[in-house]
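Which chain is which? The protein sequence lines are Y and P, in order.
For reference, each letter of the first sequence is one residue, going 1 to 150 in the numbering used here.
For reference, each letter of the second sequence is one residue, going 151 to 332 in the numbering used here.
Below is one structure, written out as structure tokens; the observations come after it.
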Amino acid sequence: MVALGCLIYIQPIMAVEPNERLADPLLEERARMLSQNIRCLVCQNQSIDDSNATLAKDLRALVREKLTAGATNDEIFDFLVDRYGDFILLNPPFKASTYLLWYGPLIFLIVGLLMTVLVMKKSKRRASEKPLSQEERVSLSKLLEQKDET
Amino acid sequence: MAKTIFVLPFLVFFGVVTYFIIPIVKKSDPKLLPSALIDKDVPENKLPPLFENKTGFDHEDLLGGETLVNFFSSWCGPCRVEHDILMKISEEKTIRLFGINYKDQTQAAIRWLDELGDPFEKIVADKDGRAAIDWGVYGVPETYLIDKEGKVRYRHVGPLTERVLEEKLMPIIQLLRNKKDE
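Here's what the structure looks like:
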């Protein structure tokens, strides 16, 4: 039962079929790492490592073929980007058109902090600027006296 | 300064909303991707012809005139849907039409063309789908518009329709042809 549960749990994680695997465990590990960072364009939120689409299978084979031929990781990524565009990378590349994507959160944080500081400064100033007037002080002490009596 | 900065979040918010609403209003499908090959040379693949007794084509045969290159398969449902449009393009000689038979069995492809008609001037067979990867194909049918210099000008993913032909392809084809006259 437990074994069955494990099987059901494990299956969707790997779409790589046994016969696709490379004999060299180091190369195979690199192939897996690369595949996990390559988007399957058929089922667009899955990596080719996860996907059962035939295109994903073809791309997995292609990645392994190139690794065996001695290609570097970047060469393989570049090969795919040349054909399918940046969208095939699950990690958006860091370049001029994606600066906003990468720096955006930092900009929002800075703007947020700036505004917090401004608001805090302002409320502090308001509190310290105006001391209680004579009238307010009298009514305050009255209120306090009333409270003491009850 | 202190006052105006509070307007900033609203401006940013409306900016973001507008950015995301435009594709919804325009009903554009985010799953359709622009081709990475636009304005680049077509890949140089040497593929065998589908029919043994007919000639195939390669990147050099695409020079000299505008061409539509259509990836199709006998197992692909949407390809059947677009077949009438392809036949029409072929009958009316709108533009030169070449086919690349994607990951198909030769006999099945030939039977399919016998049944529905063969709109292609030339057909090559991409049995293992490797050439298609060079073209950036991610789902058949896909149609590429190639200019007379052999550069990719437009890519349509999914079945061609009358509307796609009239509104997307024809304007670019006209533009390319006008350029030729100059």
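All residues carry an ideal CB built from backbone N, CA and C; glycine is no exception.
- In this structure, residue 201 (chain P) sits away from residue 252 (chain P), with a CB-CB distance that is not shorter than 8 Å.
- Contact of residue 286 (chain P) with chain Y is assigned, a C-beta pair being separated by under 8 Å.
- When DSSP reads this structure, residue 275 (chain P) sits in a beta bridge with P:251.
- Listed along chain Y are 85, each with a C-beta nearer than 8 Å to that of residue 184 (chain P).
- Taking residue 86 (chain Y) as reference, the option from P:286, P:174, P:327 with the minimal CA-CA separation is P:286.
- Within the same chain, Cβ atoms closer than 6 Å to the Cβ of residue 55 (chain Y) are found at 42, the five residues on either side in sequence being excluded.
- With respect to chain P, the C-beta atom of residue 58 (chain Y) has a partner C-beta closer than 8 Å.
- Residue 49 (chain Y) has a beta carbon lying at 8 Å or more from every beta carbon in chain P.
- Taking 8 Å as the cut-off, the beta carbon of residue 318 (chain P) is found closer than this to the beta carbon of residue 306 (chain P).
- The beta-carbon separation of residue 90 (chain Y) and residue 38 (chain Y), rounded to 7 Å, stays under the 8 Å limit for a contact.
- Under a 10 Å Cβ-count criterion, residue 265 (chain P) is classified as exposed, with fewer than 16 other Cβ atoms of the shown protein chains found around its own Cβ.
- Of P:244, P:280, P:226, P:321, the smallest CA-CA separation from residue 258 (chain P) is found for P:226.
- Close CB contacts of residue 196 (chain P) within its chain, under the 8 Å cut and outside five residues either way in sequence, are with 208 (chain order).
- No Cβ of chain Y is located within less than 8 Å of the beta carbon of residue 323 (chain P).
- Shown here for residue 192 (chain P): same chain residues with a beta carbon closer than 8 Å to its own, the five before and five after excluded, namely 209, 212, 219, 285, 294, 296, 300, 301, 302 in chain order.
- Its chain contains 247, 269 as the residues whose beta carbon lies nearer than 7 Å to that of residue 240 (chain P), once the 5 sequence neighbours on both sides are disregarded; these appear in chain order.
- Taking all protein chains shown into account, residue 254 (chain P) has 16 or more neighbouring C-beta atoms within 10 Å of its C-beta and is therefore buried.
- Contact between residue 35 (chain Y) and residue 49 (chain Y) holds: their C-beta atoms lie close to 4 Å from each other, under 8 Å.
- With 16 or more other Cβ atoms from the protein chains shown falling within 10 Å of its own Cβ, residue 275 (chain P) counts as buried.
- Contacts with chain Y at 8 Å (Cβ-Cβ) include residue 155 (chain P).
- Spatial neighbours of residue 80 (chain Y) in its own chain (CB-CB distance under 7 Å, excluding positions within 5 residues in sequence) are listed in chain order as 38, 88.
- By the neighbour-count definition (other C-beta atoms within 10 Å, threshold 16), residue 169 (chain P) is an exposed residue.
- In this structure, the CA atom of residue 51 (chain Y) is about 42 Å from the CA atom of residue 327 (chain P).
- At a cut-off of 8 Å between beta carbons, residue 67 (chain Y) makes no contact with chain P.
- Take the alpha-carbon of residue 16 (chain Y) and the one of residue 153 (chain P): they are about 58 Å apart.
- Given a length threshold of 4 residues, the stretch 288 to 321 of chain P has no whole run of the alpha helix (DSSP H) inside it.
- Residue state for residue 140 (chain Y) is assigned as helix, using DSSP reduced to three classes.
- At a cut-off of 8 Å between beta carbons, residue 63 (chain Y) makes no contact with chain P.
- Chain P places a beta carbon closer than 8 Å to that of residue 118 (chain Y), counting this residue as a contact.
- The DSSP assignment places no complete run of the beta strand (DSSP E) inside the stretch 153 to 193 of chain P (cut-off: 3 residues).
- Shown here for residue 59 (chain Y): same chain residues with a beta carbon closer than 6 Å to its own, the five before and five after excluded, namely 48 in chain order.
- Under the rule that a run must span 4 or more residues, the alpha helix (DSSP H) segments found entirely inside the stretch 39 to 124 of chain Y read 54 to 68, 73 to 84.
- DSSP places residue 205 (chain P) outside any alpha helix (DSSP H), giving it a letter other than H or E.
- Taking 8 Å as the CB threshold, residue 298 (chain P) stays off the interface with chain Y.
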